[in-house]
Amino acid sequence: MRRYVKRVNAFLLAPDNVQQRSIQKLRLQACGRSDFTDQWITEAIGRWGVEELELVIDNSSWRYDFRLLDGCKNVRLKRLVLSNCYHRFAPNPLTFQSLTSLTLCKESLRMLHVLDILENCAQLVDLRLKDSGCRQPAFNIVIPKSQLKSLQLDNYNTPTIIRYGDVPRLRHVSLNFLQTGDNGKDDSSRSNRTYQLSKFFRGAPPSLEYLVLQLRGRQMWIEPTAIPVRLNHLNKLFIANVPMNWDTIWILCLVAAAPALESLHVHFDNNSEKASTAGSLDVQVEHHPHHHHLKELVVIGFDGAAWQTGFVKQIIQASPMLERAHLLDGHVMEDEDWELVGLEIVRRRREWHECERSEVLRDLADGISSPHLEIVLE
């Protein structure tokens, strides 16, 4: 640790007579507390003009007063990542006013700290909250003067109520929740705690255009009930890592709340527990709405099981304008370079026996007359 501190000091705390350098992107990682942490942050942002800073504090947490930067003339910070580091409660630090991207992880995620920062981020476009290992209070998003367009809650151990207030420019939301036990690990106790989909759409949901959901756990914890709100502007929906032993009715309930939906991606996780033989083969929704704008359906992790075929057929039958149904084996993986979704589809070509392929295609086409529909089975 001493050697690391010495090297960082030599790099960031160089004498004034050292030629001014320009640092665009910097990642600072410290194991525990250091007397130099405040100096490192101040020098990196205020002296060297770092535009993208990632600050990670391992095995501890750190408070920093961003008002220390108010008098610095070389502040260019646009993207900030804080892990186990949070802003010391203080009004109106000027540095936050120019941020366009903010990521808060672990202990930085305490809701009071998040809201305190957001009040000052007038230019913020992209907000990511990641790796929450404890139960969080409801997240009330009320930022009327914000430029916020993208909100991502990633790797939360407990589903969190999201209540939307005045967020006029918010268009993209990505939610990744894994239901766990009290120890923060995947819940093997199979508790009966369940949640309604409406938990994530309280208040007055903004004009969302793109929604990404990853709801995971050993047992199904989403109640297959209708959503009271209408997502009238949603045109793209990506549902990933759906466990194989979950029912699919909740997906149809969500699709039913998005009358303008044009593109639907669903990924079934082949590495999860398999669906039971008593699973739903004929998926039904009480009111069976039609999806008049849906043009594209992509199902990843498709293996031809009867319940999967029944789910796809239900969508096809309810979508008179559907142009393409693409069914493929494969999985999704995290891609930090992707600005919005953070997910990449990894294709895996399945070796279908010709009779098996013909049977699946015949089952999907049975009773459907749509000359413009293309069904692609990989």
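Residue numbering for the sequence shown follows full-length UniProt numbering, starting at 1 and increasing by one per position.
C-beta atoms are modelled at their ideal positions from N, C-alpha and C, and glycine is treated no differently.
Model, not experiment: these values are computed from the prediction.
With 16 as the cutoff for other CB atoms within 10 Å, does residue i come out buried or exposed?
i: residue 239; result: buried
i: residue 31; result: exposed
i: residue 368; result: exposed
i: residue 344; result: exposed
i: residue 257; result: buried
i: residue 353; result: exposed
i: residue 228; result: exposed
i: residue 156; result: buried
i: residue 15; result: exposed
i: residue 218; result: buried
i: residue 46; result: buried
i: residue 44; result: buried
i: residue 253; result: buried
If you draw a straight line from the alpha carbon of residue i to that of residue j, how long is it in whole angstroms?
i: residue 184; j: residue 255; result: Any reading at residue 184 must be qualified, since the residue scores a pLDDT of 46, below 50, and its modelled position is unreliable; the value itself is stated next. If you take the alpha carbons of residue 184 and residue 255, they lie about 31 Å apart.
i: residue 326; j: residue 302; result: 10 Å
i: residue 170; j: residue 86; result: 24 Å
i: residue 38; j: residue 132; result: 25 Å
i: residue 371; j: residue 323; result: 9 Å
i: residue 34; j: residue 64; result: 12 Å
i: residue 7; j: residue 142; result: 43 Å
i: residue 375; j: residue 357; result: 12 Å
i: residue 272; j: residue 216; result: 10 Å
i: residue 9; j: residue 332; result: 41 Å
i: residue 346; j: residue 51; result: 32 Å
Once the 5 residues before and after residue i are set aside, which same chain residues still bring their CB inside 7 Å of it?
i: residue 242; result: 266, 267, 268, 269
i: residue 140; result: 163, 165
i: residue 321; result: 292, 293, 294, 295
i: residue 148; result: 124, 125, 127, 167, 169, 170
Near residue i, what residues of its chain come up, given a Cβ to Cβ distance below 8 Å and the 5 sequence neighbours on each side ignored?
i: residue 145; result: 122
i: residue 138; result: 160, 161, 162, 163, 202
Look up residue i in the DSSP assignment and say whether it is helix, strand or coil.
i: residue 359; result: helix
i: residue 310; result: helix
i: residue 230; result: coil
i: residue 368; result: coil
i: residue 196; result: strand
i: residue 240; result: strand
i: residue 219; result: coil
i: residue 208; result: coil
Can you give me the Cβ contacts of residue i inside the same chain, cut-off strictly under 6 Å, excluding the 5 residues immediately before and after it?
i: residue 66; result: 87, 93, 95
Which ranges does the beta strand (DSSP E) cover as unbroken runs of at least 3 residues, wholly within the stretch 37-108, from first to last along the chain? Counting whole runs of 3 or more residues, the stretch 37-108 contains the beta strand (DSSP E) stretches 52-58, 62-64, 79-83, 85-87, 101-105.
Which full runs of the alpha helix (DSSP H) of 4+ residues lie inside the stretch 107-180, going along the chain? Secondary structure remark: continuous alpha helix (DSSP H) runs of at least 4 residues inside the stretch 107-180, in chain order: 111-118.
Could you pull out every unbroken beta strand (DSSP E) segment of at least 3 residues lying fully inside the stretch 8-32, listed in chain order? The beta strand (DSSP E) runs of length 3 or more contained entirely in the stretch 8-32 are, from start to end of the chain, 25-31.
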